[in-house]
Amino acid sequence: MSQHRPTDNRSGAEAVPEGLWTKCRQCGNMLYQPEVSDDLYVCRHCGHHSRLTARQRIAITADEGSFREHDSAMRTSDPLDFPGYLEKLREDEAQIGLRDALVWGECTIDGIPVSFAAMDFSFRGGSMGAVVGEKFVRAAEHSIERRIPLLVFACSGGARMQEGIVSLLQMAKTTAAVGQMGRAAVPFIVVYTDPLTAGVFASFASVADIVIAEQQSLVGFAGPRVIERAFKIKLPPGSHTAEFQFEHGMVDIVVSRRELQPLLVRILRLVSPRREADAE
Ligand SMILES: [Zn+2]
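Here the numbering used here is used: the first residue of the sequence shown is 644, the next is one more, and so on.
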């Protein structure tokens, strides 16, 4: 395990004033901050998986020092001139250090080159507007050009409502890019992480070749609260979990974060189109 992982707890466990200890949101036990990243942000008492930022995801997944980011400066043009939108974006930028909700680039995983993208729920709820859509398509095109697999960690609250129809267009655009990957015989692997809903679940994330989900993640189209309010019904417990989606054929495998890395390496070794050429 790399020693330089970021240990900020912005999206993870609850902060306590001293800074060295955090509290697990699920079981309430205290966690020693320096151990949190070594534990992959999984509670060692109850197994609760904290949400990861895109940077944390890259740090625990890519080979150390191998990630090369592309298009880090890309920003939305605020196509609808939506009131207050630019101010909200600047606030998220200042707080999170990203310019939108998806980070992409190329890295290696156990030496295997991949086109890699990670979404960040802390930036505008991981919502997909023009920048997320464009970056996803560029990651897909890069994987086609380089003949390397595309690996995407998806978490999202859905479409970016401040970008209106431009945001909805990204659903078609990203799904078309997955079609291009299929025709080029380049593999696309997606990992559902907590939470994954709405426009991202209903577009590129649902049409990957291999769909992995982290255990206990909330996964579904409309969120449970939206359905209960709209239809005035009470949903059964667990109706929006990765496990439920697995039972109903929407997910190929559900794993704990501790099992994820070896699984990804195994899959990448099997599907990487360039592996044979590299070995020669
Ligand atoms: Zn816990």
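Ideal placement from N, C-alpha and C gives every residue a C-beta, glycine not left out.
**Prompt:** Beta carbon of PHE847, beta carbon of PHE766: below 9 Å?
**Reply:** no
**Item:** Backbone CA spacing between SER680 and TYR835 [nearest angstrom]
**Value:** 20 Å
**Asked** When you compare only the Cα positions, how much space is there between ARG725 and ALA760?
**Response** The question names Arg, but residue 725 in the sequence shown is Phe. Their Cα atoms are separated by approximately 27 Å.
**Request:** Locate the beta strand (DSSP E) running through LEU674, then write down its first and last residues.
**Result:** 673 to 675
**Request:** Measure the CB-CB distance between PRO830 and LEU793 and report whether it falls below 9 Å.
**Result:** yes
**Item:** Local conformation of ALA873 per DSSP, three classes
**Value:** helix
**Message:** Can you tell me whether GLN669 sits near ligand 1, meaning its C-beta is under 8 Å from at least one heavy atom of the ligand?
**Reply:** yes
**Request:** State the beta-bridge partners of HIS691 as determined by DSSP.
**Result:** Answer by DSSP bridge pairing: none, since HIS691 is not bridged.
**Prompt:** So SER860 and ALA885 are in contact, right, with Cβ under 8 Å, and what is the actual spacing, rounded?
**Reply:** 4 Å
**Prompt:** Any idea what DSSP makes of TYR835, helix, strand or coil?
**Reply:** strand
**Message:** Please give me, in chain order, every unbroken run of the beta strand (DSSP E) with length at least 3 that falls completely inside the segment 793 to 867.
**Reply:** 793 to 799, 831 to 840 and 853 to 857
**Request:** Have a look at GLY769, ALA783 and GLU712 and flag the residue whose alpha-carbon is nearest the alpha-carbon of ILE701.
**Result:** GLU712
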